[in-house]
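>
Residue numbers (our numbering): 13 to 293.
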């Protein structure tokens, strides 16, 4: 009986297979493909006639861009340590996505500027455009400079000394933290955070000097790994410092508006009162 029933059911429903399949496709669409990392998420074309809203969209997209660049920078140190050519290619692909996202933001800002912008909106427009440009430059330094150094290290089968790698990790961690701080400065326009970010330029110069001194000490000791990787080591430090310079630029408009810049340098904060002056005699 069961066999006969199955045969009859197959004969009856076989012609309906195409119809059922069509209905399933309509009711259960294909699972969407993974998000394109270079596709903007927040650039709403419907608010272009409202500059304040459009700039808000551009600001959110800039934070998305910053997250993409942060992911690239975060992975960079591991790529420099491991001789993994596939990881180099992955970061190169990530930079292509960053470039496309940057171009989308820039075009959106141009479309926004076709409307008359008030003074504050005009300033914010320039800040967003400048910061996105600096983030794109950071991505390019990672792709075209740091990844080229990683590829060179792979080709020559070099390895950093344990001490040298620890120094690079510490320097990289500081730059990565400054990227996080720069995104917060961009979002909040907080004066104290802006001061702190600019102050990091001096700290980075001092860290660069310490790293160079330590590296040259290893060279004098005749450490083979340090001798082989000397130029790569110093170039990595140089490029990370360049990245930090692009990041700190977001703080300058905030400091300038507060009157805290003098000859492009941060004015020293006034010393706290130490008590009443001694009476004159």
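C-beta atoms are modelled at their ideal positions from N, C-alpha and C, and glycine is treated no differently.
Thinking C-alpha only, which one of 47, 206, 147, 240 is nearest residue 254?
When only C-alpha atoms are compared, the closest one is 147.
> How is residue 55 classed by DSSP in three states: helix, strand or coil?
Three-state result, residue 55: coil.
> Give every residue of the same chain whose Cβ lies closer than 7 Å to the Cβ of residue 77, excluding the five residues on either side of it in the sequence, and list them in chain order.
The residues are 110, 113, 114, 117, 144, 147.
> Would residue 124 and residue 70 qualify as a contact pair, given that the criterion is a beta-carbon distance under 8 Å?
Yes; because the gap between Cβ atoms is below 8 Å, this pair is in contact.
> With H, G and I counted as helix, E and B as strand and the rest as coil, what does DSSP make of residue 67?
The answer is helix: DSSP assigns residue 67 an H, G or I state.
> When you compare only the Cα positions, how much space is there between residue 206 and residue 236?
Rounded to the nearest angstrom, the two C-alpha atoms are 42 Å apart.
> Where residue 161 and residue 56 are concerned, what is the direct C-alpha to C-alpha distance, given to the nearest angstrom?
Computed Cα separation, rounded: 39 Å.
> Mark residue 251 as exposed unless 16 or more other C-beta atoms lie within 10 angstroms of its C-beta, in which case mark it buried.
Buried is the call here.
> Go through the region 161 to 247 residue by residue and report every complete run of the beta strand (DSSP E) that reaches 3 residues or more, in order.
Correct list: empty.
> Using a Cβ-Cβ cut-off of 7 Å (strictly less than) and excluding sequence neighbours within five positions of residue 86, which residues of its own chain qualify?
Counting only Cβ-Cβ distances below 7 Å, and skipping sequence neighbours, we find 188.
> Thinking C-alpha only, which one of 202, 107, 219 is nearest residue 269?
The residue with the shortest Cα to Cα distance from residue 269 is 202.
> Between the region 59 to 70 and the region 89 to 104, can you find at least three pairs of beta-carbon atoms closer than 8 Å?
With the cut-off at 8 Å, the region 89 to 104 and the region 59 to 70 do not touch.
> Can you tell me the Cβ-Cβ gap for residue 155 and residue 107, rounded? I've got them flagged as a contact below 8 Å.
Going by Cβ atoms, the distance from residue 155 to residue 107 rounds to 4 Å, so yes, they are a contact pair.
> Taking DSSP as the reference, what is the three-state secondary structure of residue 273?
Of the three classes helix, strand and coil, the one that applies to residue 273 here is strand, per DSSP.
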